[in-house]
Structures are given as structure tokens and as C-alpha cells.
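**Q**
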Amino acid sequence: MKRYAMIILFFMIALTGCSNDSLDNRVYTQGLGISSGNGFTLTFQRFEDTNSHTVHAENFSDAVRRQESMMGGEIFTGHTELLCIDRSHTVEHMQELFYQQWIPPDCKVIFTNPEDFLQNYDCTQMVHTIRMAEENGILPLTDLSTVLNEWMGMGETALMPVPAGNLPALVLMHKDGNALRLSEEAIRGMYWLRESGKKDICFHGKEISVKVLRLKKNYKNGMLCYSLTMKISDDVPEVRDMILSDCEKAIQEMRSVNADVINIQEVMQKYHLETVPEISAEVHTITGKELLQ
């Protein structure tokens, strides 16, 4: 009996060794860039590797196979943290990455030159910067799942970061590749119009907490109005004016490229509107000295 047990143990150890060898041959990508403006270009950056690797092919599958032969191992994208795309992307490419190559849904997406960024910038630092900006209300969620949902929604437009110094900027990007970089005021306004919740803002050196209590979308007198009711921690009337100005700026820039990331199409459907009406914003504030919960 002991003899059979030893034989079984031997095979288990042998199989485990094979499994470990297989895992050791994998190439784990941290950053991935896709561009299809002139053929198909795929750029990889591995974890703990500042060098990037670029390959050109006719399609995504061929690009992966070529890169695997160059790297000498299976490419594993299941832990990819950053996906870089440019205007030449297609929704089909993104869906293929998401559904067939198992890119994780929380992988961050940025708008940039994929090959240039992955050759010259640190993926770890960019991912950390984006996550901190999202947590602090500077950026909306910009993961792959959110971007795909917005592209496939009625508005067909997504918000995504673009590298810009210490903090990423933000672009409106239609699924057909058209993009517009937003101003800082519009970025702040988008945060409120998308009912993102609570945020601490700095006003003339003073930190003030602001919380969205209610967002109503009403259609009256031929105009679609986004009405925000907000609670602020200190009685500073200028804060309301600043928030209103930011919201108006966000609407202005968004409509300049016929984009929609604040559910305009859903409201139009609700009120049976065939064309986009004029859009306005109004802000009502409730003030108090108590800390916001």
C-alpha cells in the first residue's frame, strides 16, 4: 500500500513541476496598447519592465502570436492594468480584448498614442494616479467595463483620461473615434451632472464638503433642465455659483461635439423628443455647519 502511495506522490510532484514550468513561461502584461490606423499595431509592457514591445500584424490574434514567438512564452493579459487606445480604435477590438482575451473589467483605459506612451511612461504610476483621481472625485470611473457600457449605450460616448502632467486630463470620446479634450471647469461639472455623490472642494484655500442630494431631469418650455439639489458644509454662496458655472461649461463643451455622457438620449426617449432640445442647469443648495454623512 505504501508503494502505491509513493507512486501517486511521485506523479503529483511531477505534474506540479510541469504546471509551474508552464506558469513560468507566461508573459504577464501590465500595459497594453492597440492601434489600427495603419494595419494593426499591438504594444506590450510587462510587469516590472520599463521596456515595451511592439508588433505589427493584420489583426489582433496574429499580433499576439507574433509577440509570443518574440518573447518566448504565452502572453497572459488577465492581469492587465492599463489599456492605451487612440482615435483608430474600434469597439470590436475593445470587445475582443474584454470577452476573448480576458482583459479584466477594472483595467483602466486612457486616450493616448499607445506606442509612445508605453515606451516612455510608467504604467504603475499612471494607474495609481488615475485611481487616486477617481477616489477624490477628479475623474469618473474609467475602467474598461464602464467605457464599453457607455459606448454601447444611447449616448455612444465615453469619458476617459489622457496623460497631462501630474493629473490626467479628460476627453469625451465617441465610439467612432472622435474626441474632445475637456476644460478643468467642464470636468468638474461632469462630476455633478453624472450624480457622482460627495466631494471635498477647495474654495479660496478653504475645504468645503459638497454632496448631491438629488438630480432631476425635467423638460419644460422646450428646454431640458438638469436640476441639482446639493448640501454644502459651509454657508458660502459663491460655491453654488461656481458649481453652476462648471455644469454649464460641461454642457456647452459636450454639446459642441454632439456628445452625450449625462443620459440625454434616455430623457429624450422619456418625453418622446425627436431632436435634442436646449439644455440648461440649475443648482439649489442646502447649507449647514454639520459634517456630511
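Take the position in the sequence shown, starting the count at 1, then add 68; the result is the number in my numbering.
C-beta atoms are modelled at their ideal positions from N, C-alpha and C, and glycine is treated no differently.
What residues match up with Phe179 in a beta bridge as DSSP calls it?
**A** Mapped onto the sequence shown, residue 179 falls at position 111. DSSP lists Ile153 as partners of Phe179.
**Q** Can you tell me the Cα-Cα spacing of Leu240 and Ser137, whole angstroms?
**A** Residue 240 sits at position 172 when you count from the first residue of the sequence shown. Residue 137 sits at position 69 when you count from the first residue of the sequence shown. Answer to the nearest angstrom: the Cα atoms are 37 Å apart.
**Q** Can you tell me the Cα-Cα spacing of Leu110 and Asp211, whole angstroms?
**A** Along the sequence shown, one-based indexing puts residue 110 at 42. Along the sequence shown, one-based indexing puts residue 211 at 143. The straight-line gap from Cα to Cα measures roughly 19 Å.
**Q** Can you look up Arg114 in the DSSP assignment and give me helix, strand or coil?
**A** Reading the sequence shown from its first residue, position 46 is the one you call residue 114. In the structure shown, Arg114 sits in a strand (DSSP, three-state: E or B).
**Q** Skipping 5 residues on each side, what residues in its chain have a beta carbon closer than 8 Å to that of Phe144?
**A** Translated into positions along the sequence shown, residue 144 becomes position 76. If we look at Phe144 and ignore the five residues flanking it on each side, its Cβ neighbours are Arg94, Val95, Tyr96 and Thr97.
**Q** I'd like to know if the region 266-273 and the region 335-354 are in contact, where contact means that at least 3 CB-CB pairs between them fall below 8 Å.
**A** They do not touch, by the three-pair rule.
**Q** Is it the case that the region 300-311 contacts the region 326-335, given that we only count it when at least three CB pairs across the two stretches are under 8 Å?
**A** no
**Q** Note the first and the last residue of the continuous beta strand (DSSP E) segment covering Thr355.
**A** As a first step, residue 355 must be located in the sequence shown, where it is residue number 287. First-last of the beta strand (DSSP E) with Thr355: Glu346 to Thr355.
**Q** Can you tell me the Cα-Cα spacing of Asp302 and Lys266, whole angstroms?
**A** In the sequence shown, the residue the question calls residue 302 occupies position 234. In the sequence shown, the residue the question calls residue 266 occupies position 198. Computed Cα separation, rounded: 14 Å.
**Q** Do Tyr259 and Gly205 come within 9 Å of each other at the CB atom, strictly closer than that value?
**A** As a first step, residue 205 must be located in the sequence shown, where it is residue number 137. As a first step, residue 259 must be located in the sequence shown, where it is residue number 191. Against a cut-off of 9 Å, the Cβ pair of Tyr259 and Gly205 comes out as a contact.
**Q** Please report the residue range of the alpha helix (DSSP H) in which Leu212 lies.
**A** On the sequence shown, position 144 is the one that residue 212 refers to. Unbroken alpha helix (DSSP H) run through Leu212: Leu212 to Met220.
**Q** Going straight from the alpha carbon of Glu342 to that of Ile332, what length do you get?
**A** What you label residue 342 is simply residue 274 of the sequence shown in a count that begins at 1. What you label residue 332 is simply residue 264 of the sequence shown in a count that begins at 1. The straight-line gap from Cα to Cα measures roughly 12 Å.
**Q** Quick one: what's got a C-beta closer than 7 Å to Arg249's C-beta in the same chain, skipping five residues either side?
**A** As a first step, residue 249 is located in the sequence shown; it is residue number 181 there, counting from the start. Around Arg249: Val230, Ala237 and Val239.
**Q** Can Leu283 and Glu263 be called in contact, C-beta distance under 9 Å?
**A** The residue labelled residue 283 in the question sits at position 215 within the sequence shown. The residue labelled residue 263 in the question sits at position 195 within the sequence shown. A contact, by the Cβ cut-off of 9 Å.
**Q** So His196 packs on Pro172, CB below 8 Å; how close in whole Å?
**A** Taking the sequence shown and counting its residues from 1, one reaches residue 196 at position 128. Taking the sequence shown and counting its residues from 1, one reaches residue 172 at position 104. About 17 Å separates the two Cβ atoms, so there is no contact after all.
**Q** Output the boundary residues of the beta strand (DSSP E) element that contains Ser295.
**A** The residue you call residue 295 lines up with position 227 of the sequence shown. Here the beta strand (DSSP E) through Ser295 covers Met291 to Ile300.
**Q** Just to confirm, is the Cβ distance from Leu165 to Ser120 under 9 Å?
**A** The count along the sequence shown starts at 1 and reaches residue 165 at position 97. The count along the sequence shown starts at 1 and reaches residue 120 at position 52. No, the Cβ-Cβ distance between Leu165 and Ser120 is not below 9 Å.
**Q** Starting from His161, follow its DSSP beta bridges and name the residues at the other end.
**A** Along the sequence shown, read from residue 1 onward, the residue named residue 161 stands at position 93. Looking at the DSSP assignment, His161 forms no beta bridge with any residue, so it has no partner.
**Q** Let me know if Thr118 comes out buried or exposed under the rule of 16 or more other beta-carbons within 10 Å of its beta-carbon.
**A** Translated into positions along the sequence shown, residue 118 becomes position 50. Counting Cβ neighbours within 10 Å, Thr118 comes out exposed, since fewer than 16 surround it.
**Q** Can you give me the start and stop residues for the alpha helix (DSSP H) that Lys317 sits inside?
**A** In the sequence shown, the residue the question calls residue 317 occupies position 249. Looking at the DSSP string, the run of the alpha helix (DSSP H) that includes Lys317 is Pro305 to Ser324.
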